[in-house]
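Working notes, structure below.
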Amino acid sequence: MPDKIAVEWQTWPDLLGVLRNLPGPIGPSGDFVQRADAYWRSCPKQKREKLLVARLDYPFSSPLIVGGQPLGPDRKPLPQELLVSPSLPCGIIIGGYCEVDEAVLASKTPLYTPQALLGPGEWIGLFELLDQIVPAQGPKYPDWTISSGARTIHCLQNAAKKTAYNKIRTHHSRLHHASLHGWDEEEFKNYDIHDLLEIVKPVWNQTQGWKASVMYFSPEWFVDLAKLETRQTRRSAALAFLRLLLEAGWRAEARVRESGSELYDALVAFGGQHSVKHYEAAYQLLEKCRQIIEGRRPCFIPVSQTDAFGPWDAIIEGIVKPSMTKPDQVASAVMVPRYLRPGEVGFLPLAHIIPGLFDEDAAGRMQEVINVIQTARTTAPSRKYRAANLKVEDLFPHITIRIKTGGNSVEKAFRVPLEAQRDLIEIPIEKFYRDRFAKQPPTSSEFFRVAIRIERPPIN
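Structure representation (structure tokens):
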């Protein structure tokens with residue numbers, strides 16, 4: 001096992017001034033600093049000396065946790081002194097955003113899709129800490145994977161293709177005199193844009209200047225919260241701090257939880273005779289799209305400049321633009337995960353959640369997925385099943401589907417009927433891209449090969 005990082009502990013007052021100057025939920029507009037400071041002040045002097053904090057700054061795409069293993073910015077394991085539960089530290093994000101990844105295990109190659117985005121004021125390792133404090137029986141082996149920045153990003157065109165990568169090599173050879181290793185079909189077929197970053201060192205080095213910052217707490221902050229057997233002058237401050245943790249934990253849990261297995265069981269029971277993959281696809285389509293419309297799950301939007309989610313300028317200039325066939329292509333943006341605000345539009349590529357199903361006859365298989373849903377909707381009431389999870393009146397009017405139906409030149413867009421008609425209804429392809437793209441993406445875009453456009457309804 002590699003050496004663990006050395007922790008540079010600071011006292012609470014050392015960071016207090018910095019925290020109070022931060023915007024948003026950490027600084028003056030939030031109550032984290034106030035409650036934490038009141039709790040610190042309520043402790044005896046000898047106790048305060050043990051209430052320490054450590055700020056760690058993670059470069060873009062650095063893993064904070066991989067499969068439940070906590071790591072430092074140098075990718076070395078965190079030492080025991082930072083762990084507040086048996087396996088994880090507990091900290092609050094004070095700068096930048098982090099991504100919680102969800103593995104898609106049915107694919108031939110490793111695929112990850114963003115499950116959640118965590119920003120300033122949100123916590124790392126909070127569920128496991130609360131399991132200790134409450135106490136509650138949580139998972140014995142937490143399997144979170146969390147990275148610095150919005151790590152799951154995509155080009156509209158696959159920059160790992162031979163022609164695109166050779167353009168990138170030529171660009172950096174001319175500009176930086178950088179020697180990048182050659183394209184290899186067996187190696188590159190499994191690569192995504194993130195893999196390319198580590199190969200294209202000039203771009204990788206630029207992205208590492210972007211940081212997400214986490215402030216971890218020493219275990220002594222939390223040992224008394226499980227007891228609260230303290231004198232009355234401390235009790236109220238400790239309870240307020242504990243309530244802060246519980247509120248944050250509940251908000252986080254509410255965002256990531258799914259609706260359970262009842263929807264899937266209903267699709268199998270009432271959706272007609274289909275393959276298991278079609279039932280799974282119908283479930284994932286309904287569940288994921290509904291979570292996105294409710295603002296509980298990210299989807300993808302195009303961005304063209306660096307922000308609090310990642311160093312997009314470096315990636316666009318060093319990977320995206322050099323790989324383009326035409327300089328004026330709309331592909332000069334990257335698709336990155338975001339939560340939609342009311343009235344906003346985003347996109348979800350179905351290959352990320354249902355790998356393999358649409359590799360052949362994508363239009364026919366999508367129609368069969370819709371048939372599963374429509375059959376279940378009409379059959380369930382006749383079987384006296386309360387079909388609350390099968391209601392799509394609040395969902396189908398807000399989604400459209402784009403499918404590449406053949407070669408690199410044919411793309412079609414469809415809306416999904418609510419009425420008795422089952423067939424997907426073709427619409428102009430321009431309607432699929434409107435509101436997010438001034439110029440239509442390339443027809444051959446792999447990101448949009450089979451994808452859903454989702455519009456979160458505005459608040460009335």
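Quick note, the sequence shown lines up with residues 1 to 460 if you use the working numbering.
Backbone N, C-alpha and C fix where the C-beta goes; we use that ideal spot for every residue, glycine too.
For residue i, the nearest candidate out of the options (CA to CA)
i, options, result
"Ser87", "Phe447, Gly125 and Pro114", "Gly125"
"Pro114", "Arg338, Leu424 and Leu263", "Arg338"
"Glu49", "Glu393, Met335, Glu220 and Gly310", "Glu220"
"Gly318", "Val203, Ala269 and Ile452", "Val203"
"Asn194", "Trp40, Val33 and Ser61", "Here residue 194 turns out to be His, not Asn, going by the sequence shown. For His194, the nearest C-alpha among the options comes from Ser61."
"Leu395", "Leu285, Leu340, Tyr385 and Leu245", "Leu285"
"Trp402", "Glu426, Arg422 and Trp9", "Here residue 402 is Arg; the residue named in the question, Trp, does not match the sequence. Among Glu426, Arg422 and Trp9, the Cα nearest to that of Arg402 belongs to Glu426."
"Asn166", "Val200, Leu156, Ile133 and Ser148", "Val200"
"Phe127", "His171, Ala252 and Pro442", "Ala252"
"Glu122", "Glu102, Gly96 and Lys412", "Gly96"
"Ala438", "Lys4, Met366, Ala333 and Gly364", "Ala333"
"Glu461", "Ser147, Ile292, Val134 and Gly209", "Any answer about residue 461 is impossible in this case: the structure gives the chain only from 1 up to 460."
"His154", "Cys90, Ile373, Val320 and Gln208", "Val320"
Limits of the unbroken beta strand (DSSP E) element including residue i
i, result
"Glu455", "Val450 to Glu455"
"Met366", "Here Met366 belongs to no beta strand (DSSP E); instead the alpha helix (DSSP H) covers Ala362 to Ser382."
"Leu56", "Leu52 to Pro59"
"Arg338", "Val334 to Arg338"
"Val66", "Pro63 to Val66"
"Leu286", "Here Leu286 belongs to no beta strand (DSSP E); instead the alpha helix (DSSP H) covers Val276 to Ile293."
"Thr113", "Leu111 to Leu118"
"Asp349", "First, the amino acid is wrong: residue 349 is Pro here, not Asp. Element bounds for Pro349: Val345 to Pro349."
Cβ-Cβ distance between residue i and residue j below 7 Å
i, j, result
"Arg436", "Lys404", "no"
"Ala266", "Ala376", "yes"
"Val473", "Thr145", "Because the chain here runs from 1 to 460, residue 473 falls outside it and cannot be looked at."
"Trp12", "Leu56", "no"
"Ala159", "Glu99", "no"
"Met335", "Pro302", "yes"
"Pro346", "Ile454", "Here the sequence assigns Gly to residue 346, which means Pro is not the residue at that position. In this structure, Ile454 lies closer than 7 Å to Gly346 by Cβ."
"Phe270", "Ala380", "yes"
"Ile168", "Ser304", "no"
"Cys299", "Leu348", "yes"
"Leu156", "Phe447", "yes"
"Ala351", "Ala38", "no"
"Pro465", "Arg456", "Not covered by the structure: residue 465. The range shown for the chain is 1 to 460."
"Arg35", "Gly27", "no"
"Pro142", "Gly68", "yes"
"Lys288", "Ile373", "no"
"Ser85", "Leu129", "yes"
Reduced DSSP secondary structure (H/G/I, E/B, other) of residue i
i, result
"Thr145", "coil"
"Gln421", "coil"
"His398", "helix"
"Trp221", "helix"
"Thr11", "strand"
"Gln232", "Confidence at Gln232 is low in this model, with a pLDDT of 48, below 50, so its placement is unreliable and the value that follows should be read with caution. Looking at Gln232 - three-state DSSP - the assignment turns out to be helix."
"Thr163", "helix"
"Phe300", "strand"
"Cys98", "strand"
"Asp131", "helix"
"Lys189", "coil"
"Ser173", "helix"
"Ser323", "helix"
"Glu122", "coil"
"Ile168", "helix"
"Glu393", "coil"
"Tyr39", "helix"
"His181", "coil"
"Glu198", "helix"
"Gln69", "strand"
"Glu81", "helix"
"Ala6", "coil"
"Glu247", "helix"
"Gln440", "coil"
"Gly17", "helix"
"Glu446", "coil"
Residue range of the unbroken alpha helix (DSSP H) whose run includes residue i
i, result
"Glu411", "Segment Val410 to Arg415 is the beta strand (DSSP E) holding Glu411; no alpha helix (DSSP H) there."
"Pro44", "Pro44 -> no alpha helix (DSSP H), and no H or E assigned at all."
"Thr207", "Lys201 to Thr207"
"Tyr264", "Glu262 to Phe270"
"Tyr433", "Ile429 to Tyr433"
"Ala314", "Trp312 to Ile315"
Assumed close pair residue i, residue j - CB separation to whole angstroms, cut-off 8 Å
i, j, result
"Leu424", "Phe414", "4 Å"
"Ile93", "Ala212", "7 Å"
"Val7", "Leu82", "6 Å"
"His278", "Val392", "Not really, about 16 Å apart at Cβ, beyond 8 Å."
"Gln242", "Phe32", "Before going on, a small fix: residue 242 reads as Leu here, not Gln. The Cβ separation is near 13 Å, so there is no contact."
"Lys4", "Pro63", "At roughly 15 Å, the Cβ-Cβ gap does not stay under 8 Å, so Lys4 and Pro63 are not in contact."
"Tyr216", "Val18", "Actually they are not in contact, since the Cβ atoms of Tyr216 and Val18 sit about 15 Å apart, beyond 8 Å."
Minimum Cβ-Cβ distance from residue i to chain C less than 7 Å
i, result
"Glu287", "Chain labels in this structure do not include chain C; a single protein chain is all it has."
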